[in-house]
Ligand code: NAD
Ligand code: ZN
Ligand code: ZN
């Protein structure tokens with residue numbers, strides 16, 4: 005089968021031919037119907053050798069959907085031919101976090117050698133993929149896999165960040181979304197669907213700001229040193245009650261710090277490595293900072309329900325498997341609007 009693999013550190017991903025994988029005991033094989041490209045893949049492929057902690061070659065893709073194609077020994081609960089999405093942050097399934105469905109916060113996964121598909125295990129950018137447990141499948145029902153696949157990360161991650169900020173997101177409050185890319189354009193829609201807040205979107209790209217307005221941002225502005233003043237003006241000096249930073253570089257966490265209101269919450273979602281000093285006289289009274297990671301299994305089901313009712317919709321650019329390397333280059337160049345989705 006064909007797969008898109010990261011083969012050599014620093015090199016571009018390649019379309020290669022590999023053996024079709026067989027599901028081991030407890031595992032499920034999917035015939036992939038769609039796979040999304042995330043900026044985190046970019047991050048992984050930018051790591052120098054001494055910081056790269058994944059196997060090579062590795063099939064990319066941690067947003068996956070497929071048709072159940074073969075069952076390993078002992079698998080029950082799904083049927084061949086069923087359309088499913090993959091819950092990506094695989095945990096141990098047994099610890100306290102996993103027992104609550106919060107496998108994204110499993111403390112034991114790494115120690116047990118359990119890694120998400122495309123981020124340690126072979127991922128979804130292939131004709132077939134192996135899922136380690138039925139627990140990591142969510143039935144898609146009538147949802148179109150191409151339109152739904154990125155809900156597993158670009159939808160789920162902002163959803164989790166927003167749900168854990170609800171105390172600050174009262175009707176009439178203001179939320180700032182920094183970075184209106186794959187995650188950000190979903191964050192805007194989720195804020196619209198779940199709250200009555202005013203949404204200000206910041207980006208460095210005019211096309212992304214246009215998309216932000218299209219999907220529901222009330223105000224948009226260029227992301228830069230003037231942004232905090234713009235946000236303070238719009239909020240009568242108070243600042244934003246919540247800031248969702250989908251970039252997370254030093255420049256954007258600084259915008260977040262200067263824009264946050266008293267008792268507000270900053271969610272640094274982007275993994276740009278920016279450091280935000282938290283303490284008295286560096287943040288307003290009551291402000292908190294959080295670094296959320298992905299989301300829980302039940303939250304993913306809730307995101308699918310929102311998509312089912314038409315409240316959220318991923319803006320998808322489609323690519324074939326052969327075009328995946330080119331799609332990654334466009335993601336790198338910042339010219340993907342919404343999410344790039346590969347349809348094998
Ligand atoms: P993306 O490339 O689709 O979008 C990034 C957006 O940020 C683009 O619109 C770009 O124009 C904009 N941008 C770049 N620099 C900016 C700046 N200085 N100010 C404002 N906007 C700027 O990326 P994505 O897939 O949406 O991922 C966003 C970030 O979230 C990445 O860092 C990714 O690795 C991370 N991520 C984190 C998690 C998590 O669990 N915490 C999950 C998925 C992705
Ligand atoms: Zn991701
Ligand atoms: Zn666990």
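Residue numbers (this note's numbering): 5 to 348. No residue lacks a Cβ here, since even glycine has one placed at the ideal position from N, Cα and C.
Beta-bridge pairing of residue i - partner residues as DSSP gives them
i, result
"residue 130", "7"
"residue 209", "The partner list for residue 209 (beta bridge, DSSP) is empty, contrary to what the question assumes."
"residue 292", "269"
"residue 67", "40"
"residue 359", "Any answer about residue 359 is impossible in this case: the structure gives the chain only from 5 up to 348."
"residue 21", "6"
"residue 35", "71 and 132"
"residue 214", "DSSP lists no partner for residue 214."
C-beta contact flag for residue i and residue j at 8 Å
i, j, result
"residue 202", "residue 189", "no"
"residue 232", "residue 262", "yes"
"residue 338", "residue 248", "no"
"residue 17", "residue 328", "yes"
"residue 250", "residue 273", "yes"
"residue 173", "residue 246", "yes"
"residue 152", "residue 315", "no"
"residue 166", "residue 195", "yes"
"residue 76", "residue 25", "no"
"residue 266", "residue 291", "yes"
"residue 225", "residue 208", "no"
"residue 107", "residue 95", "yes"
8 Å contact criterion, which residue i and residue j should meet: CB distance rounded
i, j, result
"residue 127", "residue 65", "4 Å"
"residue 163", "residue 306", "7 Å"
"residue 347", "residue 322", "6 Å"
"residue 227", "residue 182", "6 Å"
"residue 129", "residue 8", "4 Å"
"residue 302", "residue 105", "5 Å"
"residue 19", "residue 89", "At roughly 23 Å, the Cβ-Cβ gap does not stay under 8 Å, so residue 19 and residue 89 are not in contact."
"residue 268", "residue 243", "7 Å"
Residue interval of the alpha helix (DSSP H) (run including residue i)
i, result
"residue 235", "231-238"
"residue 44", "43-50"
"residue 186", "186-198"
"residue 172", "From DSSP, residue 172 is part of no alpha helix (DSSP H); its letter is neither H nor E."
"residue 308", "301-312"
"residue 15", "Segment: none, residue 15 is in no alpha helix (DSSP H) and carries neither H nor E."
"residue 160", "160-167"
"residue 246", "From DSSP, residue 246 is part of no alpha helix (DSSP H) but of the beta strand (DSSP E) over 244-249."
Unbroken beta strand (DSSP E) run spanning residue i, endpoints
i, result
"residue 223", "223-226"
"residue 321", "320-323"
"residue 141", "141-143"
"residue 257", "Note, residue 257: premise wrong, no beta strand (DSSP E); alpha helix (DSSP H) at 254-263."
"residue 89", "87-90"
"residue 3", "Lying before the first or after the last residue shown, residue 3 is absent from the chain, which here runs from 5 to 348."
Notebook entry, point to check: Which residues, in chain order, sit with a beta-carbon under 5 Å away from any heavy atom of ligand 2?
Noted result: Listed by position in the chain, the residues whose beta carbon lies within less than 5 Å of some heavy atom of ligand 2 are 42, 44 and 157.
Item checked: Those residues, in chain order, that have a beta-carbon closer than 7 Å to some heavy atom of ligand 3 -> Around ligand 3, the residues whose beta-carbon falls short of 7 Å from at least one of its heavy atoms are 95, 96, 97, 98, 99, 101, 102, 107, 110, 111, 112 and 113, given in chain order.
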